[in-house]
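> Residue numbers (this note's numbering), protein chains in the order written: chain U, 182 to 290; chain V, 182 to 290; chain C, 182 to 290; chain P, 182 to 290.
Every residue gets a Cβ at the ideal spot worked out from N, C-alpha and C, and that includes glycine.
Here's a structure for you.
Protein chains: 4
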Amino acid sequence: MNTRHLSDCVQTCMSCSLTCTACAAACLKEEHVEMMRECIQRCLDCADICQLCARMEQKQSPFMQEICELCAKACDYCAEECSQHQHEHCQQCAEACRRCAEECRKMAA
Amino acid sequence: MNTRHLSDCVQTCMSCSLTCTACAAACLKEEHVEMMRECIQRCLDCADICQLCARMEQKQSPFMQEICELCAKACDYCAEECSQHQHEHCQQCAEACRRCAEECRKMAA
Amino acid sequence: MNTRHLSDCVQTCMSCSLTCTACAAACLKEEHVEMMRECIQRCLDCADICQLCARMEQKQSPFMQEICELCAKACDYCAEECSQHQHEHCQQCAEACRRCAEECRKMAA
Amino acid sequence: MNTRHLSDCVQTCMSCSLTCTACAAACLKEEHVEMMRECIQRCLDCADICQLCARMEQKQSPFMQEICELCAKACDYCAEECSQHQHEHCQQCAEACRRCAEECRKMAA
């Protein structure tokens, strides 16, 4: 494994976790919150999984690759929903999730 | 400090964290989700703080007492909101939070 | 899925997470800490993964089953190491991990 | 509150959490691990508290300021110990903790 790539992936996961946390909080304040239920759920799950993934990568846990695989799926799932909403926070979150999914897949390979 | 009391408080915090997680998830599915925004926010904060509190107590961290104080406040704040909603999950959550606040205040004393 | 079984598994994961946290802290205080390095690492990983698993089960996340599978592996891995140490906290931790692995495998099935 | 400052503090907390996680893992592999017990404990506590702090700031939780205060103390406490060890990871961790304590104090003010 390439140390530089690992370090990039840690940053991407951490940043994605925080973007998802912010998106969930912002969705909860949207006028049509009843349209945002699924988005909030997926963002909260993704925030937790990305946070754990960053930590496991950071200490090069033997479970790192499996968590990266799972994290990539959680990111895809979150991006799928976020990308359907026009709010700027949702569009940014979808983008962060796609980037994170890609980095995690490279790491899991 | 009394070891039995510490162990009870760890259980109470952990259980409260999970009750708050379940309440937030259930609130998000309620018909009038626009009435539940504040409740979801407070439950999510409380879930995270209780979770950290249980862990810090479990390892008898030097920050245990300060986190117990903070946890008691987060529990009060969550109970204040949850108790105003008639959903069973909110009433149960308010009760769990009140018990947890009480245990944490004893621990912080 | 059986609701009672789910609720049992949440409790088992949460309890295992805290047992691992306590075992890591106790290992760090052992006289021959240089013998406990691997045990501490595995306990810390297992504590984090079990904690996330309990939360994901509690909200019936779509990632619940995959995290249960991963959690079962982390528990096996931790039990394998803990069971080789005679400290009471290690023996208890090995037992908690074996029980948790079993519950998580049922949940993932 | 200044939005730019908040965003800087989130990044600093997140980065400090990961630096502490890496330092604990590296300390555990040091030849004289018996000298690193206290350092590992403080790094693990600091990693968890910084992680929660970043998340609470990110969603502008009403508990943000109190957690920033607590986080500043955890960072000071960790820096105090890390700065006494010559390992590069300890020196870097002490520096990250000092920076984080300073940012968190500004945020809590």
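1) Straight-line CA distance for Ser-188(C) to Ile-230(P)?
2) Can you say whether Glu-284(V) is buried or exposed, counting buried as having 16 or more other CB atoms within 10 angstroms of its CB?
3) Near Glu-262(U), what residues of its chain come up, given a Cβ to Cβ distance below 7 Å and the 5 sequence neighbours on each side ignored?
4) Under 9 Å, CB to CB, which of the residues in the stretch 213–234 of chain V have a partner in chain C?
5) Going along chain V, which residues have a C-beta under 7 Å from Ser-242(P)?
6) State the Cα-Cα distance for the pair Glu-269(C) and Met-288(V), rounded to the nearest angstrom.
7) Just to confirm, is the Cβ distance from Ala-228(U) to Arg-236(P) under 9 Å?
8) State the start and end residues of the unbroken alpha helix (DSSP H) segment that holds Ser-196(U).
9) Tell me which same chain residues have a C-beta within less than 8 Å of the C-beta of Ser-170(U), skipping the five on either side of it?
10) Can Arg-286(U) and Ala-255(U) be called in contact, C-beta distance under 9 Å?
11) Using the beta-carbon of each residue, which ones in chain C are nearer than 8 Å to Leu-209(P)?
12) Hey, how far is the Cα of His-186(P) from the Cα of Cys-197(P)?
13) On the three-state DSSP scale, how would you describe Glu-261(P)?
14) Our contact map puts Ala-203(C) next to Lys-240(V) with C-beta atoms below 8 Å; I'd like the distance itself, whole angstroms only.
15) Starting from the C-beta of Leu-233(V), find all residues in its chain whose C-beta is less than 7 Å away, skip the five residues before and the five after it, and write them out in chain order.
16) Could you have a look at Ala-253(C) and say whether DSSP puts it in helix, strand or coil?
17) Whose C-beta lies closer than 6 Å to the C-beta of Asp-257(V) among residues of the same chain, with five residues either side of it excluded?
18) From the DSSP output, in three-state form, read off Lys-287(C) for me.
19) When you compare only the Cα positions, how much space is there between Glu-238(V) and Cys-259(C)?
20) With the cut-off set at 9 Å, would you say Ala-277(V) and Cys-201(V) are in Cβ contact?
21) Taking only beta-carbon atoms, is Arg-279(V) less than 9 Å away from chain C?
22) Listing by chain order, which chain U residues have their CB less than 8 Å from the CB of Leu-199(P)?
23) Would a check of beta-carbon distances place Leu-251(C) closer than 9 Å to chain U?
24) In chain order, what residues of the same chain have a beta carbon less than 7 Å from the beta carbon of Cys-190(V), not counting five sequence neighbours either side?
25) In chain order, what residues of the same chain have a beta carbon less than 6 Å from the beta carbon of Arg-279(C), not counting five sequence neighbours either side?
So, to answer that:
1) The sequence position of residue 188(C) within the third sequence is 7, counting from 1. The sequence position of residue 230(P) within the fourth sequence is 49, counting from 1. Going by the C-alpha atoms only, they are around 28 Å apart.
2) Here residue 284(V) refers to the residue found at position 103 when the second sequence is read from its first residue. Flag for Glu-284(V) reads buried.
3) Position 81 of the first sequence, counted from the first residue, corresponds to residue 262(U). Excluding positions up to five away in sequence, the list reads Glu-219, Cys-220 and Arg-223.
4) Taking a C-beta cut-off of 9 Å against chain C, the contacting residues of the stretch 213–234 of chain V are Ala-228 and Gln-232, listed in chain order.
5) Walking along the fourth sequence from the start, residue 242(P) turns up at place 61. For the C-beta of Ser-242(P), the chain V residues within less than 7 Å are, from N- to C-terminus, Asp-226.
6) Counted from its first residue, the third sequence places residue 269(C) at position 88. Counted from its first residue, the second sequence places residue 288(V) at position 107. Those two C-alpha atoms are separated by around 26 Å.
7) Position 47 of the first sequence, counted from the start, is the residue given in the question as residue 228(U). Position 55 of the fourth sequence, counted from the start, is the residue given in the question as residue 236(P). One thing to note: Ala-228(U) has its Cβ within 9 Å of the Cβ of Arg-236(P).
8) Position 15 of the first sequence, counting from 1, holds the residue named residue 196(U). In the DSSP assignment, Ser-196(U) falls within the unbroken alpha helix (DSSP H) covering 184–209.
9) Outside the shown range of chain U (182 to 290) lies residue 170(U), about which nothing can therefore be said.
10) Within the first sequence, residue 286(U) is the residue found at index 105, counting from 1. Within the first sequence, residue 255(U) is the residue found at index 74, counting from 1. Not a contact, by the Cβ cut-off of 9 Å.
11) As a position in the fourth sequence, residue 209(P) is number 28, starting the count at 1. Near Leu-209(P) (Cβ distances below 8 Å), the residues of chain C are Arg-218, Ile-221 and Gln-222.
12) As a position in the fourth sequence, residue 186(P) is number 5, starting the count at 1. As a position in the fourth sequence, residue 197(P) is number 16, starting the count at 1. If you take the alpha carbons of His-186(P) and Cys-197(P), they lie about 16 Å apart.
13) By 1-based counting over the fourth sequence, the position of residue 261(P) is 80. For Glu-261(P), the secondary structure class from DSSP, reduced to helix, strand or coil, is helix.
14) The residue given as residue 203(C) occupies position 22 in the third sequence. The residue given as residue 240(V) occupies position 59 in the second sequence. About 7 Å; that satisfies the 8 Å criterion.
15) The residue labelled residue 233(V) in the question sits at position 52 within the second sequence. Excluding five sequence positions before and after Leu-233(V), the CB atoms of its chain that fall closer than 7 Å to its own CB belong to Ile-248, given in chain order.
16) Start at 1 with the first residue of the third sequence, and residue 253(C) comes out as number 72. If DSSP states are grouped into helix, strand and coil, Ala-253(C) belongs with the helices.
17) Sequence index remark: in the second sequence, residue 257(V) carries index 76 (1-based). So the qualifying residues of the chain are Ala-282.
18) To locate residue 287(C), count along the third sequence from 1; it is residue 106. Three-state DSSP puts Lys-287(C) in a helix.
19) On the second sequence, position 57 is the one that residue 238(V) refers to. On the third sequence, position 78 is the one that residue 259(C) refers to. Cys-259(C) has its alpha-carbon roughly 22 Å from the corresponding atom of Glu-238(V).
20) As a working mapping, residue 277(V) is identified with position 96 in the second sequence. As a working mapping, residue 201(V) is identified with position 20 in the second sequence. With contacts defined by Cβ atoms closer than 9 Å, Ala-277(V) and Cys-201(V) form a contacting pair.
21) What you label residue 279(V) is simply residue 98 of the second sequence in a count that begins at 1. When Cβ-Cβ separations below 9 Å define contact, Arg-279(V) makes no contact with chain C.
22) If you number the fourth sequence from 1, residue 199(P) lands on position 18. Using a Cβ-Cβ cut-off of 8 Å, Leu-199(P) is close to Val-191, Met-195, Ala-235, Arg-236 and Gln-239 of chain U, given in chain order.
23) As a working note, residue 251(C) is residue 70 in the third sequence. With 9 Å as the cut-off, Leu-251(C) counts as an interface residue toward chain U.
24) Along the second sequence, one-based indexing puts residue 190(V) at 9. The residues are Glu-238, Glu-284, Cys-285 and Met-288.
25) Taking the first residue of the third sequence as position 1, residue 279(C) is located at position 98. Short of 6 Å from the beta carbon of Arg-279(C), and not among the five residues preceding or following it, lie these beta carbons of its own chain, in chain order: Ala-260.
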